[in-house]
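Its first residue numbered 300, the sequence shown is counted upward by one per residue in this note's numbering.
Idealized CB from N, CA, C, for every residue including glycine.
Comments concern the structure below.
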Amino acid sequence: TSVLLLLLVVISRLISSVGLTLDLKLWPCIPYPQCLAFDGRMDSFNTHLVASDFGNLDRHLPAAVLHPGSVTDIAKLVKSVYELSPYSGLTVAARGHGHSIHGQAQALNGVVIEMRTLRGIHVDRDNAYVDVRGGELWIDVLHATLREGLAPKSWTDYLYLSVGGTLSNGGISGQAFQHGPQISNVQQLEVVTGKGEILNCSRHQNGDLFQAVLGGLGQFGIITKARIELEPAPQRVRWIRVLYSDFAAFTRDQEYLISLPKNSTFDYVEGFVIVNNEGLLSNWRSSYFSPQNPVKVSSLDTKGRVLYCLEMTKNYNEHDPLHVIDEKVESLLGPLDFIPASVFTTDLSYVEFLDRVHTTELKLRSKGLWEVPHPWLNLFIPKSKIADFDAGVFKDILRNTTSGPILIYPMNRSKWDNKTSAVTPDDEIFYLVGLLRSALPSSAGSDHNLDLLIDQNNQILRFCREQGLGEKQYMPHYTTEADWKHHFGSRWEKFVERKAIYDPNAILAPGQRIFNGRQ
Ligand code: FAD
């Protein structure tokens, strides 16, 4: 019967391609699971719920949404689509939490699989790992593992993202310099390939599939389960921010901190840029500064200058004597070259720290400022070119406004497995620059205007290309094959080869617009 359903979808596509429309809601079969032989259910009514994403820039309505009741459901659907695809053009997109920017988890007229429906987190305390379903959110993984006194080692700044979604990109935050991205902390995966096979894979079993899927932009298979390494969880965090006006000193100190041995440095190193005082007190990454520190911040003479904020944490446990933490932090801050009066510290629980962005999300939601267009641009910039980027982008293209946080922090390439599909620059140290900007509804015609922000993004990308900075987009968005080839560079052939093996009919993740250009 699932083949029958897909035949109906094919007929619908044929009809709509000659200009007629067939409302899927009229199909008697689709809403009733009993006639579809899925353990879960296929829904053709509420397709609008998965038609957009956090970016709020692209909107593609699928023909149906699968809420899987089992991994077999996912395999059955993919196999049927695979078998019909030479005639149907049907596609399938796994949707984690829909936090992409450019429709990457959408499938125009295809089937979206709501991965969140399939739940399951199992912590193995003795072997320090957690087995987790692909649609689980990192916040739930955190709470489940903390109950056993353990936690994953590598995070994203925001935890309401799905495991399958971040593993399809990389998954980075201020721990990545030490532990690598989240994809470097996975022991094994269960994957449904583009042919509908359910395969287990790890470095030692189906190793090529394992490496293809990690950072693979959903192109080679759907992650239905992941085994993630854990470590003993700290209970408390000392969170420190210091300011710089000199970019060279700022990056020198960041690079120094990430070069120190594991136990002799901070546990998390990030940073952000403050253009024209924007972001210091006003943006959503900066709630930290108030209410404890407003006097100090406003007393700094920062007018008109681009400032850089280095952000670090040191983990500890409730019973650790505080003077020991004080001493460790003091000795780490000692060699750094920040503006002397600009040290801001706060202590909080490990959960509060990791879940810090959610607090701001709730505030923005209450003001209607969360579900606005987000023309975000995330770039990896090689260390050797980061000063050029500063001069050309922070101090020139963006000199008047930012419209949201701009993150900047370095990572070590040696912590990335270069056999995975994730793409990084060639330098051993490279920076993430995240331009996390919002187009606010009240600001049409102002600097926050969506067109203006998109135009600035294009200017930045042009600048990088013209100057030969060797940048790579993180969570890339391209629309032409030539751009994708440029993105993957010498790894393009391997990417194409893997696609032919694991998803030969190019049905998976059409929203990435890499192979089928259908969307
Ligand atoms: P979706 O947007 O649902 O999917 C992303 C892609 O992965 C799609 O192509 C989809 O088809 C595919 N996919 C989804 N699930 C699976 C699966 N199970 N198997 C195979 N493919 C799948 N990223 C970071 O690295 N670090 C951060 O600090 C960070 N912070 C963020 C903060 C916010 C507020 C937001 C909105 C995003 C942030 N991200 C960050 C980006 C995030 O990693 C990506 O958006 C990522 O796509 C995860 O989101 P998602 O789970 O909603 O995936």
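Quick one: give me the first and last residue of the alpha helix (DSSP H) that residue i is part of.
i    : result
S558 : 546-558
P385 : 370-387
A686 : 685-688
F679 : Premise fails: F679 lies in the beta strand (DSSP E), 676-681, not in any alpha helix (DSSP H).
Q755 : 749-766
K694 : Premise fails: K694 is in no alpha helix (DSSP H) and is neither H nor E.
Whole angstroms is fine: what's the gap from residue i's alpha carbon to residue j's?
i    : j    : result
K694 : S453 : 32 Å
V650 : D338 : 35 Å
L513 : R712 : 16 Å
L768 : D687 : 8 Å
T700 : R394 : 33 Å
D423 : T444 : 9 Å
S641 : Y607 : 11 Å
M710 : Q477 : 8 Å
I759 : V692 : 7 Å
A766 : A690 : In the sequence as displayed, the identity of residue 766 is Gln instead of Ala. Straight-line Cα distance between these residues: approximately 12 Å.
G473 : T659 : 18 Å
D322 : G434 : Because the pLDDT at D322 is just 38, under 50, the model does not fix this residue reliably, and the value given afterwards should be weighed accordingly. Those two C-alpha atoms are separated by around 29 Å.
H442 : L516 : 27 Å
D566 : L348 : 38 Å
S665 : L653 : 21 Å
I482 : F546 : 30 Å
Secondary structure at residue i, three-state DSSP: helix, strand or coil?
i    : result
W454 : coil
L460 : coil
Y801 : helix
G733 : strand
W538 : strand
M611 : strand
G515 : coil
V410 : strand
F652 : helix
Q510 : helix
L280 : The question about residue 280 has no answer, for the chain in this structure spans 300 to 818.
T444 : helix
A525 : strand
I860 : Since the displayed the chain opens at 300 and closes at 818, residue 860 lies outside it and no answer follows.
Q405 : coil
K771 : strand
E530 : strand
T564 : coil
Need the endpoints of the beta strand (DSSP E) that residue i sits in, please.
i    : result
T723 : Where T723 is concerned, there is no enclosing beta strand (DSSP E), given that its DSSP letter is neither H nor E.
D646 : 643-648
L706 : 705-711
S483 : No beta strand (DSSP E) holds S483; DSSP gives it neither H nor E.
A781 : Careful: A781 lies outside any beta strand (DSSP E), inside the alpha helix (DSSP H) at 780-787.
L668 : Per DSSP, L668 belongs to no beta strand (DSSP E) and is neither H nor E.
L498 : 497-501
Using a Cβ-based criterion (distance less than 7 Å to any ligand heavy atom), does residue i qualify as near the ligand FAD?
i    : result
Q811 : yes
Y457 : yes
G667 : no
N408 : no
R394 : yes
D289 : Coverage of the chain is limited to positions 300 through 818, which leaves residue 289 absent and any answer about it impossible.
S483 : no
L460 : yes
V422 : no
I680 : no
Q403 : yes
D352 : yes
V656 : yes
G469 : yes
H622 : no
T492 : no
G433 : yes
L516 : yes
A805 : no
T465 : yes
S399 : yes
On the DSSP bridge list, what partners appear for residue i?
i    : result
R340 : H366
A393 : I412
V422 : V429
F571 : C608, L706
L632 : Beta-bridge pairing links L632 to no other residue.
Q811 : Q811 is not bridged to any residue.
G473 : In the DSSP output, where bridge partners are listed per residue, G473 has none listed.
K714 : Beta-bridge pairing links K714 to no other residue.
Y543 : Y607
I want to see whether chain D comes within less than 8 Å of residue i, judged by CB atoms only; does it?
i    : result
V370 : Included in the structure is just one protein chain, with no chain D present.
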